[in-house]
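Working notes, structure below.
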Amino acid sequence: MPAASPPTRTAGVLHVVATPIGNLGDLSPRAQQVLRDVAAVCAEDTRHTRQLFAQAGIDTPLVALHEHNEDAMAQRLVERLQAGDSLALVSDAGTPLVSDPGFRLVRAARAAGIRVSPVPGPSAPVAALSVAGLPSDRFAFEGFLPAKAAARRERLAALAGEPRTLVFFESSHRIGEMLADAEQAFGDGRCAVVARELTKLFETVLDGTLAALRERVEADPDQRRGEFVVLVEGAGDDDDGARLAEGRRVYALLAAHLPPSTAARLAAEITGAPRKALYGG
């Protein structure tokens, strides 16, 4: 009689697990159970995740998965999943893949027929939207703007006519510059919100015009510390506001190749926006 074939092992599951953005009490019971049950947890920064695990009493092995090694690691992790290991994916804070690594692993797992299951929870953009008092039925998440000033201003100018609420991440050492550039791109009267250190001890949510928020942040060093979500109201439906937003967008594109006065004149002719509002020269 031929020997029986060994049973085929069922492929594992890749769990994408949201973790707290500040308050450790936001780690859900389901998330804790999944993180305990899997064979290993793929973490952006294992040192950071190890601190979270210590607080929650979790001792699951950690595997480093970050932007520098994700390409190399994705196939190895898929092989583990195919062999039957279930894994979890976490970022340093919040929901993975939202301005964090993990996209390549998820794509590779799905391409291999592996089940990918979300364990939802905290998300800084959604948390900020929920308390901002800005329209939230339609919004555009832009993540981090470019670090270099010229590229940042060009990106903001391109968004000046966007009708949806805009959501950005920003760092403490660029928040002042970002607000100043947003004021220039969108106009000083555009409504906005600066949400800082959400769910943490020194959480603040400031609202007002971009000009008022810039002044507030510039005047108070405490408002330049921590992690930020910045929300900007979308361009209005009024003709003047939409025309000015489009004029600023076109001006920024032209000014990269033409003298400012020429770029402003052409942008005004193209869009009907007032030239002086585009360029003060």
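Following numbering that gives the first Met the number 0, the numbering of the sequence shown begins with 0 at its first residue and continues without gaps.
A virtual CB, placed ideally from N, CA and C, is assigned to each residue, including glycine.
| task | Please report how far the alpha carbon of Q31 lies from the alpha carbon of T18, in whole angstroms. | result | Spanning the two alpha carbons is a distance of roughly 9 Å.
| request: Give the DSSP-derived three-state secondary structure of T9 in the structure shown. | output: Three-state DSSP puts T9 in coil, outside helix and strand.
| message | Please report the straight-line C-alpha distance between Q54 and V216, rounded to a whole angstrom. | response | Taking the straight line joining both Cα atoms gives about 33 Å.
| task | For my contact list, L243 and A263 are in at a C-beta cut-off of 8 Å; report their separation, rounded to the angstrom. | result | About 12 Å separates the two Cβ atoms, so there is no contact after all.
| Counting only runs that start and end within the region 38 to 72, where is the beta strand (DSSP E) found for 3 or more residues in a row? | Here the runs fully enclosed are 39 to 42, 61 to 63.
| query | Near A251, what residues of its chain come up, given a Cβ to Cβ distance below 6 Å and the 5 sequence neighbours on each side ignored? | reply | Around A251: E153, A156.
| said: For E182 and L165, I'd like the C-alpha separation in whole angstroms. | reply: Near 14 Å, if we compare the C-alpha coordinates of L165 and E182.
| query | Do you know how far the Cα of M177 is from the Cα of L51? | reply | Answer to the nearest angstrom: the Cα atoms are 31 Å apart.
| Between the region 212 to 231 and the region 251 to 260, do three or more beta carbon pairs fall short of 8 Å? | In short, these stretches do not touch, since the Cβ pair count stays below three.
| message | With H, G and I counted as helix, E and B as strand and the rest as coil, what does DSSP make of L265? | response | L265: helix per DSSP, three-state reduction.
| task | Put R114 into one of helix, strand or coil per three-state DSSP. | result | Residue state for R114 is assigned as strand, using DSSP reduced to three classes.
| Grouping DSSP H, G and I as helix and E and B as strand, with all else coil, what is V192? | Under the three-state reduction of DSSP, V192 is assigned to strand.
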